[in-house]
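Chains as they are written, first to last, in my numbering: chain G, 1 to 110; chain A, 1001 to 1110. Reviewing the structure listed below.
Protein chains: 2
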Amino acid sequence: MGITKSESFTVQQNETALLLKAIAHPARIAIVEHLLKVQSCICGDIVSELPLAQATISQHLKELKNAGIIKGSVEGTAICYCLEKEVIEKLAQYFSTISNQINNQKSTCC
Amino acid sequence: MGITKSESFTVQQNETALLLKAIAHPARIAIVEHLLKVQSCICGDIVSELPLAQATISQHLKELKNAGIIKGSVEGTAICYCLEKEVIEKLAQYFSTISNQINNQKSTCC
DNA sequence: TTGTTATATTGCAATATTACGATAAATGTA
DNA sequence: TACATTTATCGTAATATTGCAATATAACAA
């Protein structure tokens, strides 16, 4: 049905899923990596960086912003986007924790 | 159009996106976390753990396996699934790297 | 005000995803 | 062999996502 049964899972699980889903697209990964590369904030030159229409990129930026992965501040006519440090850190910790737990368990299956 | 323009991005970006997309669903996160909790491998009791139909869970397991996040080995009538350590580590590193890069740059934007 | 530039929104078409019942396939057991 | 158990696959319905052209909005400049 294309609809996810969110009620069936914990708040944490749903939140993590939303965060990951927001990044889980090559265009949005490219945007995140571009923001990372151009130290200073970036505005609309992402459009000239990626081979996607301006409308499409605006949509991807919106999704990233909604998920709290980036933030944008108006800068005259342009808009300055940059990464939300905390959220990236949260994701880094999530996977690090799992990784560590796997390493600590000495089960020899599979 | 619902179709992603994969040709426009790097192999790495596409691969990362596929990995993240495979996890980016509350049911699949729940599966991963369950696999993590029950030290030893798990088989079909994920079905009794989650309020989803067996067919649905089998589908989610397939996606996780296709993405290389879990692996499964036949164990009699049952199938024993467990996490693929390396892939989780790869993701942990991906976000750690980004997180570190953000911390190292002293730009004061946004 | 008028024009220009930068971004956002709308409306659509094409695909993808999610979920599940029904059924198949595989393996072990009586 | 016949049956039970476990997992996979198929088919289908409902919904979500992706991408873009067209258009709207916002802010500045002349």
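Virtual Cβ for every residue (Gly too), placed ideally from N, Cα, C.
Asked, Found
"Report the neighbours of A24 (chain G) on chain A: residues whose CB is nearer than 7 Å to its CB, in chain order.", "A1017, L1020, K1021 and A1024"
"Who are the neighbours of A1078 (chain A) on chain G, taking C-beta pairs under 8 Å?", "By Cβ distance, chain G contributes nothing, its closest Cβ being about 12 Å from A1078 (chain A), past 8 Å."
"Return no unless some Cβ of chain A is closer than 8 Å to the Cβ of L61 (chain G).", "no"
"Thinking I88 (chain G) and I1098 (chain A) are a contact (beta carbons under 8 Å), I'd like their distance in whole angstroms, please.", "5 Å"
"Hey, how far is the Cα of H1034 (chain A) from the Cα of T56 (chain G)?", "37 Å"
"Identify, in the order they occur along the chain, each residue of the same chain with its Cβ nearer than 7 Å to the Cβ of E49 (chain G), setting aside the five sequence neighbours on each side.", "H34"
"State the DSSP-derived secondary structure class of V87 (chain G), mapped to helix, strand or coil.", "helix"
"Within 10 angstroms of its Cβ, does T10 (chain G) collect 16 or more other Cβ (buried), or is it exposed?", "exposed"
"What whole-angstrom Cβ distance do A22 (chain G) and L64 (chain G) have, given they're in contact under 8 Å?", "6 Å"
"Express the C-alpha separation of V74 (chain G) and A1053 (chain A) in angstroms, rounding to a whole number.", "47 Å"
"Can you tell me the Cα-Cα spacing of K1106 (chain A) and N1066 (chain A), whole angstroms?", "40 Å"
"Identify the continuous beta strand (DSSP E) that holds S1073 (chain A) and give its terminal residues.", "I1070 to E1075"
"Just mark P51 (chain G) as buried or exposed, buried being the case when its beta carbon has 16 or more other beta carbons within 10 Å.", "exposed"
"For A22 (chain G), which of helix, strand or coil comes out of DSSP?", "helix"
"Buried or exposed: where does T1016 (chain A) fall if 16 or more other Cβ atoms within 10 Å of its Cβ makes it buried?", "buried"
"Find the nearest neighbour of I70 (chain G) within the set G:G76, G:E84, G:Q39 and G:S8, judged by alpha-carbon distance.", "G:E84"
"Hey, is E75 (chain G) close to the ligand SAH, as in C-beta under 7 Å from one of its heavy atoms?", "In the structure shown, the ligand SAH is absent, as is every other ligand, since no ligand is present at all."
"Comparing C-alpha positions only, which one of A:I1003, A:I1029, A:Q1012 and A:N1014 sits nearest to N14 (chain G)?", "A:I1029"
"Excluding sequence positions up to five away, which residues of its chain have a Cβ less than 7 Å from the Cβ of S1006 (chain A)?", "N1014"
"Could you name the residues of chain G that N1014 (chain A) contacts, counting a contact when the two beta carbons are closer than 7 Å?", "P26"
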